[in-house]
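Asks:
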Amino acid sequence: MPSRRALIGGVAASVAAAVLAAPQVRAQTLPGVIVVGGGFAGASCARALKRLDRDLAVTLIEPEAAYLACPFSNEVLAGLRGIEAQTFGYDQFGDIALIRKRAVVVDAERRRVRLEDGAEIGYTRLVLAPGIDLRFDALPGYDEAATATMPHAWKAGAQTLLLRDQLAAMPDGGIVVLAAPANPFRCPPGPYERASLIAHYLKTSKPRSKLIILDAKDAFSKQRLFEAAWQELYPGLIEWVPLSSGGRVTEVDPATRTLVTEFGDHKADVANVIPPQRAGAIAQSAGIADQTGWCPIDPVSFESRLQPAIHVIGDAAIGGAMPKSAFSANAQAKACAAAVAALVRERPPAQPKLINTCYSLVAPGYGISIAGVYQPRDGLLAEVEGAGGTSPLEAPRSVRELEAAYAQDWFRTITSEVFG
Ligand SMILES: Cc1cc2nc3c(=O)[nH]c(=O)nc-3n(C[C@H](O)[C@H](O)[C@H](O)COP(=O)(O)OP(=O)(O)OC[C@H]3O[C@@H](n4cnc5c(N)ncnc54)[C@H](O)[C@@H]3O)c2cc1C
């Protein structure tokens, strides 16, 4: 028997009709909520909405058949894990109408979403969770074609495998250059976890090689922990060049794998360019992104500051101190679902309190973390003073081993909650 997903996956217009003519009588009396984007934010939100109010007609719009998770994708680069361990499906989304199409236009005035095939679906409330797009207009020389030579690998999948293969093909003694962007961007500790795991690969497989991080910042997440670990595990292997020492990449030349800075050029054997980012393209069409490229939100309901009845969660949203992480995306999704479920019943949303923890692996069996608690204050999601913190700077290896195990447990838990 074809699955519910297979039945509804084909023709968007018929899906829309199916959603409008929802099977339960009670469901017809309640308005439809559309969620765009089936990543950590959107998939979590769609499922939380259904859990909170099974009478809500929830539609999830996501063009990809499988989701490729970024957390732990740095392990794939270092050959510590296969890409299949990063891949998740939507088979368990039976009570949610799943449309396998890209949303291309949001008409906020008419409250309708247009899909790539021209079909339109109306909504009472819309949750946008499109993640990030890379800003190919922000770094001269770095356009879409350049990603084939200088992968960003900041969206997991083909780019991750390309960078892994480039590292594998590099001769011993080669130079890897990683360009890290200015804030804000997806996963603040991600470039440094990546540098660590690439260094682990080089140390164990190509020990005469070197890794240079060209950074558009003078400070980064968990910096003291990373630097202490690099000193201990990879002495002389990683060179971090901060903004003030000429770390900002101003131009790239993919043909020669050269990264240009104000202080000179760096020719790489492998170049990993993580460019500036912004909210996924659909956010621009919906009129919810501001001049920064990100989407300002109300910290209680996650409703857009720029358009009514559109909520934004995950990496696309900006609204205070919460970092762009899968942990945050999942927490925001649940708070947003509670707010949307209340608002469609014309009840006021409750004040949320959100937690984020970001684990990073510096080597196999060596983990560090940073945690924070956030709540609405002065119109933003502000950090609760004294509630978070990082791993201790001085700690026996057993603590690092435990944190590496916690990181694995966290990934298993979140992916089974969201996709399982
Ligand atoms: C190397 C790396 C390591 C990381 N490690 C960690 C970690 O250890 N811990 C952690 O918490 N976070 C980590 N992150 C960050 C984490 O991956 C992101 O914060 C998280 O994926 C954000 O979730 P999201 O749902 O907002 O976006 P995404 O996960 O990007 O999901 C967006 C979804 O929307 C879909 N979409 C986009 N546009 C449309 C459209 N127009 N129509 C329909 N669908 C659309 C996309 O196909 C995608 O499925 C890491 C990131 C990287 C790059």
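Take 1 as the starting number for the sequence shown in UniProt numbering and just add one per residue. Here a beta-carbon is modelled for each residue, glycine too, at the ideal position from N, C-alpha and C.
Can you tell me whether DSSP reads residue 394 as helix, strand or coil?
Replies: Residue 394: coil per DSSP, three-state reduction.
Asks: By the 10 Å Cβ neighbour count, where 16 or more other Cβ atoms means buried, how is residue 304 classified, buried or exposed?
Replies: Result: buried.
Asks: Three-state secondary structure (DSSP) at residue 200?
Replies: Helix at residue 200.
Asks: Where does residue 66 sit, in a helix, a strand or coil, going by DSSP?
Replies: DSSP places residue 66 in strand when its eight states are reduced to three.
Asks: Please confirm whether any heavy atom of ligand 1 lies closer than 7 Å to the CB of residue 359.
Replies: Yes, since a heavy atom of ligand 1 falls inside the 7 Å radius drawn around the Cβ of residue 359.
Asks: With DSSP collapsed to three states, give me the class of residue 75.
Replies: Three-state result, residue 75: helix.
Asks: Out of curiosity, what's the CA-to-CA distance linking residue 189 and residue 277?
Replies: If I take the Cα positions, the gap works out to 15 Å.
Asks: Quick one: any contact between the region 234–248 and the region 131–140, if contact means 3 or more CB pairs under 8 Å?
Replies: Touching, no, given that fewer than three Cβ pairs across the two stretches are closer than 8 Å.
Asks: Can you tell me whether residue 47 is buried or exposed? The criterion is at least 16 other CB atoms within 10 Å of its CB, across all chains shown.
Replies: With 16 or more other Cβ atoms within 10 Å, it is buried.
Asks: May I ask you to report which of helix, strand or coil DSSP gives residue 410?
Replies: Looking at residue 410 - three-state DSSP - the assignment turns out to be helix.
Asks: Can you grab the Cα-Cα spacing for the pair residue 94 / residue 127, in whole Å?
Replies: Residue 94 and residue 127: Cα-Cα distance of roughly 19 Å.
Asks: Please identify the residue among 228, 407, 33, 163 whose C-alpha is closest to the C-alpha of residue 395.
Replies: Answer by Cα proximity: 228.
Asks: Out of 92, 373, 73, which has the shortest C-alpha to C-alpha gap to residue 417?
Replies: Looking at the Cα atoms, 92 is the closest of the given residues.
Asks: Let's see if you can read the secondary structure: which residues bound the alpha helix (DSSP H) around residue 49?
Replies: Looking at the DSSP string, the run of the alpha helix (DSSP H) that includes residue 49 is 40–52.
Asks: Span of the alpha helix (DSSP H) holding residue 100?
Replies: Neither: residue 100 is in no alpha helix (DSSP H) and is coded neither H nor E.
Asks: Helix, strand or coil, according to DSSP, for residue 247 in the structure here?
Replies: In the structure shown, residue 247 sits in coil (DSSP, three-state: anything other than H, G, I, E or B).
Asks: If you run the structure through DSSP and keep just helix, strand and coil, what is residue 401?
Replies: Residue 401 falls in the helix class under three-state DSSP.
Asks: By Cβ distance below 6 Å, which residues in the same chain neighbour residue 73 in space, the five residues on each side in sequence not counted?
Replies: Here the set comprises 86, 156, 160.
Asks: Would you mind stating whether residue 151 and residue 162 have Cβ atoms separated by less than 8 Å?
Replies: Against a cut-off of 8 Å, the Cβ pair of residue 162 and residue 151 comes out as a contact.
Asks: Which first and last residues belong to the alpha helix (DSSP H) in which residue 165 is found?
Replies: Run containing residue 165: 158–169, per the alpha helix (DSSP H) assignment.
Asks: Please identify the residue among 194, 179, 219, 283 whose C-alpha is closest to the C-alpha of residue 77.
Replies: Closest option to residue 77, Cα to Cα, is 194.
Asks: Considering Cα atoms alone, identify which of 393, 216, 210, 39 is closest to residue 251.
Replies: Residue 216 is the option with its Cα nearest to residue 251.
Asks: Within 10 angstroms of its Cβ, does residue 144 collect 16 or more other Cβ (buried), or is it exposed?
Replies: Exposed, because fewer than 16 other Cβ atoms sit within 10 Å of the Cβ of residue 144.
Asks: Rounded to a whole number of angstroms, what is the C-alpha to C-alpha distance between residue 167 and residue 202?
Replies: Rounded to whole angstroms, residue 167 to residue 202 spans 9 Å at the Cα level.
Asks: Buried or exposed, going by whether 16 or more other CB atoms sit within 10 Å of the CB of residue 38?
Replies: Buried, because 16 or more other Cβ atoms sit within 10 Å of the Cβ of residue 38.
Asks: I'd like to know if the region 355–373 and the region 300–318 are in contact, where contact means that at least 3 CB-CB pairs between them fall below 8 Å.
Replies: Flag = no, the region 355–373 and the region 300–318 do not touch.
Asks: Span of the beta strand (DSSP E) holding residue 361?
Replies: From DSSP, the beta strand (DSSP E) with residue 361 extends over 354–363.
Asks: Between which residues of its own chain and residue 257 is the CB-CB distance below 6 Å, once the five residues before and five after are set aside?
Replies: Correct list, in chain order: 268, 271.
Asks: How far does the beta strand (DSSP E) with residue 92 in it reach, from first residue to last?
Replies: It is not in any beta strand (DSSP E) - residue 92 carries neither H nor E in the DSSP assignment.
Asks: Between residue 289 and the rest of its own chain, which residues show a CB-CB distance below 6 Å, the 5 nearest in sequence each way excluded?
Replies: Taken in chain order, the residues that qualify are 279, 283, 295.
Asks: How is residue 267 classed by DSSP in three states: helix, strand or coil?
Replies: In the structure shown, residue 267 sits in a strand (DSSP, three-state: E or B).
Asks: Going by the CB atoms, is the gap between residue 108 and residue 310 shorter than 8 Å?
Replies: The answer is yes: Cβ separation under 8 Å.
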